[in-house]
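Scroll down for the structure; my scribbles are underneath it.
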Amino acid sequence: MTTNLGLPVGTTLDRFIKTNQDGFPFASGELSQLLRDIALAGKILNREINQAGLGNILGDFGETNVQGENQQKLDVVADIRFTRALKNGGEVCAIISEEKEEIIHLNPNSKYLVAIDPLDGSSNIDANVSIGTIFSIYRRKSKLGTRATEEDMLQPGNAQIAAGYLLYGSSTMLVYTTGDKVNGFTYEPSLGEFFLSHRNMCIPENGKIFSINEGYYYEYDDNIRNYIEQCKQRKFSARYIGSLVGDFHRNLLKGGIYLYPSTNANPQGKLRLLYECNALAFIAEQAGGLATDGRQRIMDIQPESFHQRTPLFIGSPKMVEEVGEVFKQQLSGRVHS
Ligand code: AHM
Ligand code: MG
């Protein structure tokens, strides 16, 4: 079997995907094509993000999405670009998107499903700060040739076939996993290609960065506040962009933890299990990290609705375990008191 890990840095994304596919003699090439379609939409969106200041597409669109949040114009554009690329590519039977309430039905004869946050961190667009796209790919459970069902779309993260993100930052990157390590590709705009730049990405076992919105300090439980205090006592660095993909990517490279806990106002936190947390959890685990809601593995949570939210603790394994211990102590404290 050919292993993609032997491919050198500088390999194009296309060649990487093809080599990976050749390693599986019975692979039909549909997943490979689907990944190419996502990369294509990413390139198109990247171009639009880079022109955002010129194109009169900054700011709110004047409508709210299904969760009552203001939709930015680029959120809408991103949703259209990804839906169109996946529709034209023909390898996806249905999509659920953070920006849409209902399932978007595409080709009933294909076996893959996509859950996507087309543009995450969109409140950062106007400030020229990094933003991202997050996606998960699942295999349908229902019969080929029929419409995808709600049950198809409500699979736990441990059923993901592939997941990834695009980061539109100081350079644009595609980072993804098909369940066999994590690889990162950097976009070269003048050539219009993604090149393998980060091979077999591994998160440091421990880190000194904690990423949390401290503005909600008094909204958090005591255990989270204590954890924040411990981080400060140990002189960890606080780094929080407010753009999940950017914060996650930095911690993946440097070692650290991203926390979005429950707050008094939002007991389930803010982040969406299906569009944001599962994909990053899959990548984190494939890179040697962990992702939990404080009590259980993110990828083992059985979703009950498309837009379900969950607290998220993700990053270097030792740091995520430490937060888990804090929760356990709190639980046992309750039992004994
Ligand atoms: P969005 O999907 O509406 O863009 O919200 C998700 C974003 C994450 O990228 C980021 O980590 C988080 O919201 C920031 O939230 P807050 O401003 O509450 O700290
Ligand atoms: Mg989002």
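Read left to right, the sequence shown gives residues -9 to 327 (this note's numbering). Just so you know, even glycine gets a beta-carbon here, dropped at the ideal spot from N, CA and C.
Exposed or buried, what is residue 21 when buried is set at 16 or more other beta-carbons lying within 10 Å of its beta-carbon? Residue 21 is buried by the Cβ-count criterion.
Rounded C-alpha distance that separates residue 81 from residue 223: Residue 81 and residue 223: Cα-Cα distance of roughly 51 angstroms.
If you run the structure through DSSP and keep just helix, strand and coil, what is residue 226? Three-state DSSP puts residue 226 in coil, outside helix and strand.
Let me check understanding here. Comparing Cα to Cα, which of 221, 112 and 205 lies closest to residue 236? Relative to the Cα of residue 236, the nearest Cα in the group 221, 112 and 205 belongs to 112.
Rounded straight-line distance, which links the Cα of residue 135 to that of residue 270: Computed Cα separation, rounded: 30 angstroms.
What's the call for residue 74, buried or exposed, on a 16-neighbour Cβ count within 10 Å? So residue 74 ends up on the exposed side.
Cβ of residue 199 within 9 angstroms of Cβ of residue 154? For residue 199 and residue 154, no; Cβs fall outside 9 angstroms.
Would you tell me roughly how many angstroms separate the C-alpha atoms of residue 147 and residue 106, rounded to the nearest one? Going from the Cα of residue 147 to the Cα of residue 106 covers about 13 angstroms.
CB of residue 279 to nearest heavy atom of the ligand AHM: below 8 angstroms? It does not: the Cβ of residue 279 is nowhere closer than 8 angstroms to a heavy atom of the ligand AHM.
Would you say residue 261 touches the ligand MG, meaning its beta carbon is less than 8 angstroms from a heavy atom? Checking the Cβ of residue 261 against the ligand MG gives yes.
How many angstroms separate the CA atom of residue 5 from the CA atom of residue 184? Computed Cα separation, rounded: 10 angstroms.
Name the DSSP bridge partner or partners of residue 250? Residue 250 pairs with 302.
Under 8 angstroms Cβ to Cβ from residue -3, same chain only, skipping five residues before and after it: list those, please. Counting only Cβ-Cβ distances below 8 angstroms, and skipping sequence neighbours, we find 5, 6, 9, 186 and 189.
Element boundaries [beta strand (DSSP E), containing residue 173]: Element bounds for residue 173: 172 to 178.
For a test of the three-state rule: what should DSSP assign to residue 261, helix, strand or coil? Three-state result, residue 261: coil.
Quick one: what does DSSP say residue 232 is sitting in, helix, strand or coil? Of the three classes helix, strand and coil, the one that applies to residue 232 here is coil, per DSSP.
Neighbourhood of the ligand MG [Cβ distance below 5 angstroms to any heavy atom], ordered by chain position: Qualifying residues come out as 107 and 110.
Mind checking which residues open and close the beta strand (DSSP E) that includes residue 103? Here the beta strand (DSSP E) through residue 103 covers 102 to 110.
Does residue 131 get closer than 9 angstroms to chain C when you measure Cβ to Cβ? Here chain C cannot be found, since the structure has a single protein chain.
Could you give the distance in angstroms between the alpha-carbon of residue 328 and the alpha-carbon of residue 318? The structure shown does not extend to residue 328, since the chain spans only -9 to 327, so no value can be given for it.
Quick check: what's the CA-CA separation for residue 313 versus residue 180? Those two C-alpha atoms are separated by around 44 angstroms.
Using the C-alpha atoms, what's the distance from residue 226 back to residue 92? The alpha-carbon atoms of residue 92 and residue 226 are separated by roughly 42 angstroms.
Checking 9 angstroms against the spacing of the C-beta atoms, do residue 353 and residue 162 come in under that value? With the chain covering -9 to 327 only, the question about residue 353 has no answer from this structure.
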